[in-house]
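Let me begin by presenting the structure, written as structure tokens, before commenting on it.
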Amino acid sequence: MKSISELKVGLFIPCYVDQFYPQVGVATLELLEKLGCKVLFPTNQTCCGQPMANSGFENMTGACNQLFYDCFAGCDYVVSPSGSCVLHLKEHMKVEGREAASKVLRTKVYELVEFITDVLKITEIKSSFPHKVGLHQGCHGQRGLHLAQMSELNAPAYSKPVDLLSKVQGLELVELDRKDECCGFGGTFCVSEEAISVKMGKDRVSDHQRNGAAYITGSDMSCLMHLEGILKRGGSKVEVIHIAQILNGSHIEIPTPQGEPV
Amino acid sequence: MSILPKDHAEASEVFNKDEGYVNWHDETLWFVRQKRDKSSKNIPEWEALREAGSQIKHYVLSHLDRLLVEFERNAKENGVIVHWAKDASEHNRIVLDILKKHQVQQMVKSKSMLTEECHMNEFLAQNGIDVIDTDLGERIVQLRQEPPSHIVLPAIHLKKKDIGDLFHEHLGTDAGATDPQYLTEAARQHLRDKFLTRRAALTGVNFAVAETGGFVVATNEGNADMGAHLADVHIACMGFEKIIPKQEHLGVFLRLLARSATGQPITTYSSHFKKPREGQEMHVVILDNGRSTQLGREDFRNSLKCIRCGACMNTCPVYRRSGGHSYHNAVAGPIGSILAPNLDMTKNADLPFASTLCGSCSNVCPVKIDIHDQLYKWRQVLAKNGHVPKGKQMGIKAMSVVLSQPRFYQWSGRLGRAVMRSVPFVVNNAMNPWYKQREMPEPPKESFRDWYVRNREN
Chain E
1 MKSISELKVG LFIPCYVDQF YPQVGVATLE LLEKLGCKVL FPTNQTCCGQ
51 PMANSGFENM TGACNQLFYD CFAGCDYVVS PSGSCVLHLK EHMKVEGREA
101 ASKVLRTKVY ELVEFITDVL KITEIKSSFP HKVGLHQGCH GQRGLHLAQM
151 SELNAPAYSK PVDLLSKVQG LELVELDRKD ECCGFGGTFC VSEEAISVKM
201 GKDRVSDHQR NGAAYITGSD MSCLMHLEGI LKRGGSKVEV IHIAQILNGS
251 HIEIPTPQGE PV
Chain Y
1 MSILPKDHAE ASEVFNKDEG YVNWHDETLW FVRQKRDKSS KNIPEWEALR
51 EAGSQIKHYV LSHLDRLLVE FERNAKENGV IVHWAKDASE HNRIVLDILK
101 KHQVQQMVKS KSMLTEECHM NEFLAQNGID VIDTDLGERI VQLRQEPPSH
151 IVLPAIHLKK KDIGDLFHEH LGTDAGATDP QYLTEAARQH LRDKFLTRRA
201 ALTGVNFAVA ETGGFVVATN EGNADMGAHL ADVHIACMGF EKIIPKQEHL
251 GVFLRLLARS ATGQPITTYS SHFKKPREGQ EMHVVILDNG RSTQLGREDF
301 RNSLKCIRCG ACMNTCPVYR RSGGHSYHNA VAGPIGSILA PNLDMTKNAD
351 LPFASTLCGS CSNVCPVKID IHDQLYKWRQ VLAKNGHVPK GKQMGIKAMS
401 VVLSQPRFYQ WSGRLGRAVM RSVPFVVNNA MNPWYKQREM PEPPKESFRD
451 WYVRNREN
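This is the structure:
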């Protein structure tokens, strides 16, 4: 058994996080490093392929699968701060002609929280976040990756993100009226079914607001992006923050680069 | 039908024009979902019961040939007349012929989603037969000349005031009356007369037992019994997947059905029918209508396990906010969305996309149908068969081209973010459905990758 520092941990940063939430990528990277991992970020990565596949065009995901495979096949683990992308990869990532190797790679992909609790076996991360926080449990992370027990089943309760968050200094988790209802993002659903998507998002947001959350956190930035759009349009002071940012200690400001990057 | 054909997204937009109403609809169905949660969590063996239900149905789907023949044989021995219908029109014709033979022009009918699927009422009306729905909710939507919006709660989209107005118009109740007891009593009196005067009664079938040739109809109002016991002719219509092998399996399904549907331990009436009483004629019509095709679709055959409890609708965050009519199919909600494309791919191509794939449906399902996985799979089938709008297909294609080439992706991202920063109205406008009710994310100067290259690759 290799020690943590000997493991090659590949960091997969989903396309929309890469483009719109670099601070979440930085927090994930720094957090994994603080926890003792040697983290690689292959710069040729793009997307898990889910936007195409969930729209019915799994046949257009070949190139994304190939890129993912080429970037990460050599890693011991692949970690990503997005339950939805991870679930898609775990269920559908396949390179033609390399079916067996693809299958092996699929089993190495982990969402950040489950990687911390299940692989690294870390149950407490020292950090401080003295605020009232609502946890938005992304559906794919919860019902797909089993990050937490779902309310539908008659089965013992547990929650990996709550385990970690409850140990953050000063952080007060608010109880929600509906603890695991979908936010309505749903990939291309958010634009093809705009009316429902927004209504679902508004209802999630008001549950958090009603229960006094100052921040909404979660392990899936896509849900949070959608909720943020609704919060901002409504002029709310409530902010979204990825769980990696909380666990990494504080809000991270990305240093502003000098001039445009090339 | 007063419902105009619209696709799910369009119909949902209309439904969402009145937010207060949507909130009410959502809360009402969420209340039912909570009742289901409470009731299912009251029995420790709930998950084992679901597994048993799922496995029995699994057995049924792989032994249908034998079980159906066994049911027919036993039913015939009991004196029941069994009919086989390959599609909706054959089904409707069989029912009409039975009624004609008995010179019946008026019939009472208890709840049957199958006859909704076959549009039987319209057909019979065109042939001079007057059908009265006797389930209260069904009667309400029938008076409104609209289809049910839910398979268990047909009039769940209506408020007390709507019912009061409707009954005032049709049943002569006091104007403005909304007291449920008063309105229900009026419906009872109105229906009582129909029960007493109709000579034929049609019921659905919840479970047909192969080993006995009997069948069970579950209702809360007793209207199936009342109709069947008073009529000279009882016609029971069922999809062929309603078969269960043994009587003892009812112990699994009856416990699952009502808890999943409404949170009741059992329906008020579980009526067991086996043979016609003296002087009565009893018919069972067994319908295929595309079920054989669905059975042959490996990815979708499990949808035939459905026991029509409606739990997937009550839990579905989309259904609760779009209403049953937005699904333009007899069976709405998540289960309807995996059944409907089998019946007509062109007409129902929008339905598998009316979901976020959140997976709640699959986990409330009492027979563990993998509904959300099937929604995903239907999307692939629909796209492959050209049922996705061309514009959407081109957009997805463009996205895949960008995401297939790292350098092109990086360049597009940089360009896109620069445009968003310097000329935000290019994306912040009415053409962008995201922007209609949501702000766009703040575009940073650097992507994560750019940050990484600058900070970590020196």
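Protein sequences, first through last, are from chains E and Y. Take 1 as the starting number for the first sequence in full-length UniProt numbering and just add one per residue. Take 1 as the starting number for the second sequence in full-length UniProt numbering and just add one per residue. For glycine and all other residues, C-beta sits at the position ideal for the given N, C-alpha and C.
Annotated three-state conformation of F57 (chain E) is coil, per DSSP. Excluding five sequence positions before and after K108 (chain E), the CB atoms of its chain that fall closer than 6 angstroms to its own CB belong to Y77, V78, given in chain order. Around the Cβ of Y319 (chain Y), a 10 Å sphere holds 16 or more other Cβ atoms; the residue is buried. Q106 (chain Y) carries a strand assignment under DSSP once its states are collapsed to helix, strand and coil. Look at the segment 42-70 of chain E: the residues with a C-beta under 9 angstroms from a C-beta of chain Y are T43, N44, Q45, T46, C47, G49, P51, M52, A53, N54, S55, G56, F57, E58, N59, M60, T61, G62, A63, C64, Q66, L67.
Every alpha helix (DSSP H) of 4 residues or more that sits fully in the segment 77-165 of chain E is shown, in chain order, as 83-92, 99-107, 160-165. Fewer than three Cβ pairs drawn from the segment 276-296 of chain Y and the segment 41-55 of chain Y lie within less than 8 angstroms of each other, which leaves the two stretches out of contact. Here K34 (chain E) carries a helix assignment [DSSP, helix/strand/coil]. Just measuring C-alpha positions, the residue of Y:T356, Y:I371, Y:G172, Y:V367 sitting nearest A340 (chain Y) is Y:I371. Residue environment analysis places K377 (chain Y) among the buried positions, since at least 16 neighbouring C-beta atoms fall within 10 angstroms of its C-beta.
Boundaries for G263 (chain Y): no alpha helix (DSSP H) harbours it, and the DSSP string shows neither H nor E there.
Leaving aside the five residues that flank G36 (chain E) on each side, the residues in its chain whose CB is nearer than 7 angstroms to its CB run, in chain order, I4, S5. Closest in alpha carbon position to D177 (chain E), among E:D207, E:L67, E:L145, is E:D207.
The Cβ neighbour count for W24 (chain Y), taken over all protein chains shown within 10 Å, is under 16; the residue is labelled exposed. Residue E:S159 holds the alpha-carbon nearest to the alpha-carbon of T123 (chain E) among E:G97, E:S159, E:A53, E:A155.
DSSP, read as helix, strand or coil, puts F185 (chain E) in coil. Scanning chain E for C-beta atoms nearer than 7 angstroms to the C-beta of I396 (chain Y) yields M52, S55, F57, M60, reported in chain order. Between A236 (chain Y) and E70 (chain Y) the beta-carbon gap is near 17 angstroms, outside 8 angstroms, which marks them as no contact. The three-state reading of DSSP puts V318 (chain Y) in coil, since its state is none of H, G, I, E or B. Close to C306 (chain Y), with beta-carbon spacing below 8 angstroms, lies no residue of chain E; the smallest spacing is near 17 angstroms.
Annotation for F408 (chain Y): the continuous alpha helix (DSSP H) segment containing it runs 406-422. The Cβ atoms of M221 (chain E) and H242 (chain E) sit closer than 8 angstroms to each other.
Under DSSP, Q169 (chain E) shares a beta bridge with E:S128.
One alpha carbon belongs to G176 (chain Y), the other to H168 (chain Y), and they sit about 8 angstroms apart. In terms of CA proximity to P148 (chain Y), Y:Y327 leads the group Y:M394, Y:E298, Y:Y327. Taking a beta-carbon distance threshold of 8 angstroms, E51 (chain Y) does not count as an interface residue toward chain E. Taking every protein chain shown into account, the CB of R188 (chain Y) has fewer than 16 other CB atoms within 10 angstroms, so this residue is exposed. Taking the CA atoms as reference points, D37 (chain Y) sits about 7 angstroms from E152 (chain E).
The C-beta of L403 (chain Y) comes closer than 8 angstroms to at least one C-beta of chain E.
For V131 (chain Y), the enclosing beta strand (DSSP E) starts and ends at 130-133. The three-state reading of DSSP puts V39 (chain E) in strand, counting E and B together. Beta-bridge analysis with DSSP links F207 (chain Y) to Y:V216. Taking C-alpha positions only, N74 (chain Y) is separated from G20 (chain Y) by approximately 53 angstroms. Pairing I335 (chain Y) with P352 (chain Y) gives a Cβ-Cβ distance that is not under 8 angstroms.
Going by DSSP, A11 (chain Y) is part of the alpha helix (DSSP H) stretching over 8-15.
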